[in-house]
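Below: the structure, in structure tokens.
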Amino acid sequence: MQKKGILELFDMKHVLFPESFDENVSMIADVINNFLPWSARVVEQPTLDMMKAELDAGRPIIVPAYASSLQNVYFRGFFPYHMLVLSGYDDTEQTFIAEDPGTQYGHAYRYSYDTIMSAMHDFLPGNVAGGSKRVLFTSPDLGSTADTDGDRDGLTKAQEFTYGTVSYVFDSDGDGFGDGIELQFGYLATKNEQAVIQQGALLIAPGSPQVYYMDAGTKHHVTSEAVFFRNGWNWQMLEWISDRMIGNIPTGSPLT
Ligand SMILES: [Ca+2]
Ligand SMILES: [Ca+2]
1 MQKKGILELF DMKHVLFPES FDENVSMIAD VINNFLPWSA RVVEQPTLDM
51 MKAELDAGRP IIVPAYASSL QNVYFRGFFP YHMLVLSGYD DTEQTFIAED
101 PGTQYGHAYR YSYDTIMSAM HDFLPGNVAG GSKRVLFTSP DLGSTADTDG
151 DRDGLTKAQE FTYGTVSYVF DSDGDGFGDG IELQFGYLAT KNEQAVIQQG
201 ALLIAPGSPQ VYYMDAGTKH HVTSEAVFFR NGWNWQMLEW ISDRMIGNIP
251 TGSPLT
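For the sequence shown, the UniProt record's numbering gives the first residue as 1, with consecutive numbering after it.
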């Protein structure tokens, strides 16, 4: 869950922060809380015990770090600021178990407690080594973020995941109408229906078992399977559209 989420984060952040190239944890929390199917909160000055308790509860922690202090021999090139995810710990070895996107060896990579606690620094322009000690505690629950509407399309974050629309895109199917307005009026927000109802299309909608053939801007009921197969059609050709949209299309004579 979280791993995919971390990758998506960097695509989403431009929606909230179009001008930003570096992210502090509070910006990352905003992106998570607006757009991802989980939630996060900034925790200042976390102690080792607090962090272990989170990991015991199965909740990964996002840690901002001054990269040099991580002393990861696989890092290449110079980058002052780095984020990684802690997914567990090992008291015997005194290590955190990390998912570190910084190298190809980052899966289940181990950093000592001391390394993480000392490298932990939030982004501070020009002086990451002086950044505050803080992390993001994450939760698989939407919590109070269920009601956010980061892309301002009229659907809450929870609704976007229920309906399968894109939480950070105002108009998921790119048909010129926002997600919220389409669902409010009974259209599909995840399919460009106008693009589908073209000449020759075979249409079906959830509220009716009837199949229609589009011809000259009108829909024609295909009255039997015999008619359907006689025309060389197959079921894969059916396009599902909303009851609302199919109701908008003028009806012509049935195909018999
Ligand atoms: Ca949306
Ligand atoms: Ca749309």
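C-beta atoms are modelled at their ideal positions from N, C-alpha and C, and glycine is treated no differently.
_Close Cβ partners of Val-196 (< 7 Å) along its chain, the five nearest in sequence each way excluded_ = Here the question's residue 196 lines up with position 196 in the sequence shown. So the list reads Glu-239, Ile-241, once near-sequence residues are dropped.
*May I have the straight-line CA-CA distance separating Thr-165 from Asp-114, to the nearest angstrom?*
Here residue 165 corresponds to residue number 165 of the sequence shown, with the count starting at 1. Here residue 114 corresponds to residue number 114 of the sequence shown, with the count starting at 1. Per the coordinates, the alpha-carbon of Thr-165 lies some 43 Å from the alpha-carbon of Asp-114.
*Does DSSP classify Ile-61 as helix, strand or coil?*
For the purposes of this step, residue 61 is identified with residue 61 of the sequence shown, where counting begins at 1. It is a strand residue.
_Boundaries (first-last residue) of the beta strand (DSSP E) holding Gly-88_ = As a working note, residue 88 is residue 88 in the sequence shown. From DSSP, the beta strand (DSSP E) with Gly-88 extends over 81–90.
*Check the DSSP bridge columns for Leu-203 and list the partner residues they point to.*
As a first step, residue 203 must be located in the sequence shown, where it is residue number 203. The bridge partners DSSP lists for Leu-203 are Tyr-212, Glu-239.
_With the cut-off set at 8 Å, would you say residue 257 and Phe-137 are in Cβ contact?_
In the structure as shown, the chain starts at 1 and stops at 256, and residue 257 therefore has no counterpart that could be examined.
*Take the Cβ of Ala-189 as the centre, count every other Cβ of all protein chains shown within 10 Å, and call the residue buried at 16 or more, exposed below.*
Position 189 of the sequence shown, counting from 1, holds the residue named residue 189. The residue is buried, with at least 16 neighbouring Cβ atoms inside 10 Å.
*asked:* With H, G and I counted as helix, E and B as strand and the rest as coil, what does DSSP make of Phe-78?
replied: Your numbering for residue 78 matches position 78 in the sequence shown. Assignment of Phe-78 by DSSP, reduced to helix, strand and coil, places it in the coil class.
*Leaving out five residues on either side along the sequence, give the residues of the same chain with a beta carbon under 7 Å from the beta carbon of Met-237.*
Here residue 237 corresponds to residue number 237 of the sequence shown, with the count starting at 1. Leu-202.
*Between the CA atoms of Glu-193 and Phe-177 - distance to the nearest angstrom*: Indexing the sequence shown from 1 puts residue 177 at position 177. Indexing the sequence shown from 1 puts residue 193 at position 193. The alpha-carbon separation between Phe-177 and Glu-193 amounts to approximately 11 Å.
*Of all the beta strand (DSSP E) runs that stay within the bounds of the segment 117–185, which reach a length of 3 or more residues?*
Correct list: 134–139.
*Does the segment 128–137 come close enough to the segment 54–68 to have 3 or more Cβ pairs within less than 8 Å?*
Because the criterion of three Cβ pairs below 8 Å is met, the segment 128–137 and the segment 54–68 touch.
*Can we count Asp-179 as close to ligand 2, meaning its CB is less than 7 Å from some heavy atom?*
In the sequence shown, residue 179 corresponds to position 179, counting from 1. Yes, the beta carbon of Asp-179 sits closer than 7 Å to at least one heavy atom of ligand 2.
*Please work out which residues of its chain come closer than 6 Å, Cβ to Cβ, to Leu-84, disregarding the five sequence neighbours upstream and downstream, and give them in chain order.*
For the purposes of this step, residue 84 is taken as the residue at position 84 of the sequence shown. For Leu-84, where only same-chain residues beyond five positions count, the Cβ hits under 6 Å are Val-63, Ala-98, Asp-100.
*So, helix, strand or coil for Ser-39, using DSSP?*
Reading the sequence shown from its first residue, position 39 is the one you call residue 39. When secondary structure is reduced to three states using DSSP, Ser-39 falls in the strand class.
*Does the beta-carbon distance from Tyr-187 to Leu-255 come in below 8 Å?*
Locating residue 187 in the sequence shown gives position 187, where the first residue counts as 1. Locating residue 255 in the sequence shown gives position 255, where the first residue counts as 1. No, Cβ-Cβ distance for Tyr-187 and Leu-255 is not below 8 Å.
*For Pro-140, count neighbouring C-beta atoms within 10 Å of its own C-beta (all shown protein chains included) and say buried if the count is 16 or more, exposed if not.*
Taking the sequence shown and counting its residues from 1, one reaches residue 140 at position 140. Burial call: exposed.
*Measuring CB to CB, does Gly-207 end up less than 8 Å from Pro-250?*
Numbered from its first residue, the sequence shown carries residue 207 at position 207. Numbered from its first residue, the sequence shown carries residue 250 at position 250. In this structure, Gly-207 keeps its C-beta atom at 8 Å or more from the C-beta atom of Pro-250.
_Closest residue to Arg-41 among Leu-48, Met-51, Ala-29, Ile-246 (Cα-Cα distance)_ = The count along the sequence shown starts at 1 and reaches residue 41 at position 41. It is Ala-29 whose Cα lies nearest to the Cα of Arg-41.
*Since I believe Gly-126 is in contact with Val-15 (beta carbons under 8 Å), could you give me their beta-carbon distance rounded to a whole number of angstroms?*
The residue given as residue 15 occupies position 15 in the sequence shown. The residue given as residue 126 occupies position 126 in the sequence shown. Wrong, their Cβ atoms sit about 26 Å apart, outside the cutoff.
*Tell me Arg-110's beta-bridge partners as DSSP assigns them.*
Position 110 of the sequence shown holds residue 110. According to DSSP, Arg-110 bridges with Ile-97.
*Going by beta carbon distance, what residues of the same chain come within less than 8 Å of Gly-252, once the five residues before and after it are set aside?*
On the sequence shown, residue 252 is found 252 positions in, with the first residue counted as 1. Its chain contains Asp-215, Ala-216, Thr-218, Lys-219, His-220 as the residues whose beta carbon lies nearer than 8 Å to that of Gly-252, once the 5 sequence neighbours on both sides are disregarded; these appear in chain order.
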